[in-house]
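S.K.: Structure in structure tokens, see below.
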Amino acid sequence: MIMVRSNSEFAASRCAANKNEKQGGGGMLAGQRLRSLVVAALAAAMSTSASIGPATAQDGSYPSRPIRLIVPFAAGGGTDTISRIFSQVLSEQLKGTVVVENVGGAGGSIGTGQGAKAAPDGYTLVTATPSIAINPHIQKSVPYNVLRDFAPVVQITTSPVVLVVNNDVPIKSVADLVALARAKPGAVNYGSAGIGSFNFLATELFKSLAGVNLTHIPYRGTGPALIDLMAGRTQVQFENAPAVLGQIRNGKLKAIAVGTTRRSAILPDLPTIAETVPGYESSSWLGLLAPAATDRRAIECRHQQGAWRRGDPQAARCARRRARRRYAGCVRRLSARQGRRDRHDCQGRGAAAGVGTLTRGRVLRRTAALY
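Next up, the structure:
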């Protein structure tokens with residue numbers, strides 16, 4: 180079965196994974212570290228009583244065929260990496276096959292739209308990122324309605340945004356980037372997974388706050404964008420940490436700063452972007468969705484706060500201490516009032532004005548409330 184789980188259970192499991200990681204020493208590879216986090220998240224997901232799946236899930240025959248996990252970005256990026264780790268763990272837990280299908284394009288809208296139109300039989304899942312809620316505000320139309328077409332399954336991870344640059348570019352700090360961009364407006368290129376992707380908006384937010392002009396080069400996913408960054412066809416990229424940790428540690432990319440308000444435990448030697456550009460904050464999250472009509476009786480958004488308190492007290496304390504952002508666990512919990520406010524922010528404005536509104540962080544902050 181695929182379990183719906185509570186938000187506090189996710190926070191507790193994530194903190195427990197962080198604690199185990201520290202106890203295991205600094206020699207653990209990034210992939211192993213990420214896998215341990217995902218295993219902990221899935222363990223919490225599997226511990227709850229609600230399930231997503233067809234009626235066959237109740238009689239033990241689920242899954243009777245491969246489950247399709249749609250990743251709405253090209254292979255090789257952070258979303259793809261985490262989704263594939265998650266699919267492996269899910270396959271082991273379900274004793275079935277989970278097939279990852281990369282459907283990139285339009286900042287994630289194409290693949291997400293395919294997931295929205297899939298049969299609600301429990302055999303199609305969709306990886307979700309902030310783009311799912313951002314795209315409707317900056318694209319003319321999208322083939323899905325985030326509030327109507329999906330039901331949440333599980334929050335998988337959150338990660339800091341990292342500013343990385345090509346090794347041959349003479350940039351060693353955020354101040355260097357700002358100085359270069361001001362001296363040569365538009366000469367510095369940045370890559371992203373497309374308009375509406377989190378790294379696109381993370382960069383646009385930086386441009387707005389720093390008062391600089393960087394030229395956008397869109398790709399079908401993070402993987403192709405990183406290939407061009409390492410090849411020197413672009414110079415900088417704002418990317419989620421799991422996508423670039425390997426390249427940073429192997430010396431293929433230079434890490435300059437992180438987008439969180441405090442220095443990250445993942446890359447503790449890096450300063451924050453906000454130390455140079457006050458007010459900057461950006462991070463990424465990743466979740467799992469199913470088509471909305473999937474066994475609606477079983478998909479019950481659980482907001483119980485007691486389950487994890489009855490578990491490991493140390494994990495509970497860790498969750499209270501570290502969890503800085505509340506994830507509602509249910510797309511439909513986004514209020515009609517908030518939805519109207521989001522529409523008002525972008526209604527009647529051109530594309531540039533709409534992006535300008537987003538880059539002030541309004542939708543970036545609000546989309547965190549979706550989960």
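Under the working numbering, residues 180 to 550 are what the sequence shown spells out, in order. All C-beta atoms, glycine included, are put in the ideal place defined by N, C-alpha and C.
Would Asp448 be called buried (16 or more neighbouring beta carbons within 10 Å of its own) or exposed?
M.R.: Mapped onto the sequence shown, residue 448 falls at position 269. By the neighbour-count rule (16 or more Cβ atoms within 10 Å), Asp448 is not buried but exposed.
S.K.: Considering only residues of the same chain and omitting the five flanking positions on each side of Ala285, which have a CB-CB separation below 6 Å?
M.R.: What you label residue 285 is simply residue 106 of the sequence shown in a count that begins at 1. Here the set comprises nothing.
S.K.: For the alpha helix (DSSP H) that contains Val348, what are its first and last residues?
M.R.: Taking the sequence shown and counting its residues from 1, one reaches residue 348 at position 169. No alpha helix (DSSP H) contains Val348, which DSSP labels as neither H nor E.
S.K.: Helix or strand or just coil, what does DSSP make of Gly370?
M.R.: Taking the sequence shown and counting its residues from 1, one reaches residue 370 at position 191. Strand, per DSSP.
S.K.: Measuring only the C-alpha atoms, how far is Lys296 from Val321?
M.R.: Along the sequence shown, one-based indexing puts residue 296 at 117. Along the sequence shown, one-based indexing puts residue 321 at 142. Their Cα atoms are separated by approximately 12 Å.
S.K.: In chain order, what are the residue ranges of uninterrupted alpha helix (DSSP H) at least 4 long that sit wholly in the region 365-442?
M.R.: Listed in chain order, the complete alpha helix (DSSP H) runs (minimum 4 residues) inside the region 365-442 are 377-389, 401-410, 420-428.
S.K.: Residues in its own chain within less than 8 Å of Pro299 by CB, not counting five upstream and five downstream?
M.R.: Counting from one through the sequence shown, the residue named residue 299 turns up at place 120. Excluding positions up to five away in sequence, the list reads Ala469, Pro470, Ala471, Ala472, Thr473, Asp474.
S.K.: Could you check what DSSP says for Thr258 in three-state terms: helix, strand or coil?
M.R.: As a first step, residue 258 must be located in the sequence shown, where it is residue number 79. Note: Thr258 maps to helix in three-state DSSP.
S.K.: Go ahead and pull the three-state DSSP assignment for Glu460.
M.R.: Locating residue 460 in the sequence shown gives position 281, counting from the first residue. Here Glu460 sits in coil by DSSP.
S.K.: For Arg441, I'd like the list of residues in its chain whose CB is within less than 8 Å of its CB, leaving aside the five on either flank, ordered along the chain.
M.R.: Taking the first residue of the sequence shown as 1, we reach residue 441 at position 262. Around Arg441: Thr451.
S.K.: Exposed or buried, Pro457, counting other C-beta atoms within 10 Å across all chains shown (16 or more means buried)?
M.R.: Working through the sequence shown from its first residue, we reach residue 457 at position 278. Per the 10 Å Cβ criterion, exposed.
S.K.: Where does the unbroken alpha helix (DSSP H) through Asn557 begin, and where does it stop?
M.R.: Outside the modelled stretch of the chain, which goes from 180 to 550, sits residue 557, for which no answer is possible.
S.K.: Taking 7 Å as the limit between beta carbons, can you name the residues of its chain near Thr382, skipping five residues before and five after?
M.R.: For the purposes of this step, residue 382 is identified with residue 203 of the sequence shown, where counting begins at 1. Once the five neighbours on either side are set aside, the close Cβ partners of Thr382 are Tyr369, Ser371, Leu393, Phe417.
S.K.: Determine the DSSP secondary structure at Arg244, reduced to helix, strand or coil.
M.R.: Here residue 244 is taken as the residue at index 65 of the sequence shown, counted from 1. DSSP places Arg244 in coil when its eight states are reduced to three.
S.K.: In angstroms with no decimal places, state the Cα-to-Cα distance between Ser443 and Val437.
M.R.: Taking the sequence shown and counting its residues from 1, one reaches residue 443 at position 264. Taking the sequence shown and counting its residues from 1, one reaches residue 437 at position 258. Cα-Cα distance, rounded: 7 Å.
S.K.: On the CB-based measure, 16 or more other CB atoms within 10 Å of its CB, does Glu460 come out buried or exposed?
M.R.: Taking the sequence shown and counting its residues from 1, one reaches residue 460 at position 281. Result: buried.
S.K.: The beta strand (DSSP E) spanning Ala551 covers which residue range?
M.R.: Given that the chain is displayed from residue 180 to residue 550, the structure contains no residue 551 and the question cannot be resolved.
S.K.: Going by alpha carbons, who is nearest to Phe329 out of Gly292, Ser352, Ile317?
M.R.: Within the sequence shown, the letter at position 150 stands for residue 329. Considering only alpha carbons, the answer is Gly292.
S.K.: Can you have a look at Pro242 and say buried or exposed, based on whether 16 or more other CB atoms are within 10 angstroms of its CB?
M.R.: As a first step, residue 242 is located in the sequence shown; it is residue number 63 there, counting from the start. Counting Cβ neighbours within 10 Å, Pro242 comes out buried, since at least 16 surround it.
S.K.: Residues in its own chain within less than 6 Å of Tyr323 by CB, not counting five upstream and five downstream?
M.R.: Counting from one through the sequence shown, the residue named residue 323 turns up at place 144. Answer for Tyr323: Thr291, Gly292, Ala295, listed in chain order.
S.K.: Under the three-state reduction of DSSP, which class applies to Gly290: helix, strand or coil?
M.R.: Here residue 290 refers to the residue found at position 111 when the sequence shown is read from its first residue. DSSP places Gly290 in helix when its eight states are reduced to three.
S.K.: Report the rounded CA-to-CA distance for Pro349 versus Asp355, giving the unit in angstroms.
M.R.: Here residue 349 refers to the residue found at position 170 of the sequence shown. Here residue 355 refers to the residue found at position 176 of the sequence shown. Pro349 and Asp355: Cα-Cα distance of roughly 8 Å.
S.K.: Cβ atoms of Ala434 and Ser401: under 8 Å apart, would you say?
M.R.: Here residue 401 refers to the residue found at position 222 when the sequence shown is read from its first residue. Here residue 434 refers to the residue found at position 255 when the sequence shown is read from its first residue. It is worth fixing the name first, because residue 401 is Thr in this sequence and not Ser. Not closer than 8 Å, so no.
S.K.: Could you tell me which residues DSSP pairs with Phe329 in its beta bridges?
M.R.: Counted from its first residue, the sequence shown places residue 329 at position 150. Paired residue(s): Pro470.
S.K.: Is Ile445 helix, strand or coil when you go by DSSP?
M.R.: In the sequence shown, residue 445 corresponds to position 266, counting from 1. Coil, per DSSP.
S.K.: Rounded to the nearest angstrom, what separates Gly275 and Gly390 at their Cα positions?
M.R.: On the sequence shown, residue 275 is found 96 positions in, with the first residue counted as 1. On the sequence shown, residue 390 is found 211 positions in, with the first residue counted as 1. Roughly 51 Å separates the two Cα atoms.
S.K.: Specify the secondary structure class of Ala253 as computed by DSSP and reduced to three states.
M.R.: Position 74 of the sequence shown, counted from the start, is the residue given in the question as residue 253. Note: Ala253 maps to coil in three-state DSSP.
S.K.: Under 6 Å Cβ to Cβ from Gly283, same chain only, skipping five residues before and after it: list those, please.
M.R.: Working through the sequence shown from its first residue, we reach residue 283 at position 104. Only Phe252, Ala253, Arg399, Gly400 meet the Cβ criterion.
S.K.: Which of the three DSSP states, helix, strand or coil, is assigned to Val282?
M.R.: In the sequence shown, counting from the first residue as 1, residue 282 sits at position 103. Val282: coil per DSSP, three-state reduction.
S.K.: Distance check for Ser240 and Leu432, CA to CA, integer angstroms please.
M.R.: If you number the sequence shown from 1, residue 432 lands on position 253. If you number the sequence shown from 1, residue 240 lands on position 61. Going from the Cα of Leu432 to the Cα of Ser240 covers about 47 Å.
S.K.: Tell me, which residues are paired with Thr306 by DSSP?
M.R.: The sequence position of residue 306 within the sequence shown is 127, counting from 1. DSSP output for Thr306 lists Leu467 as bridge partner(s).
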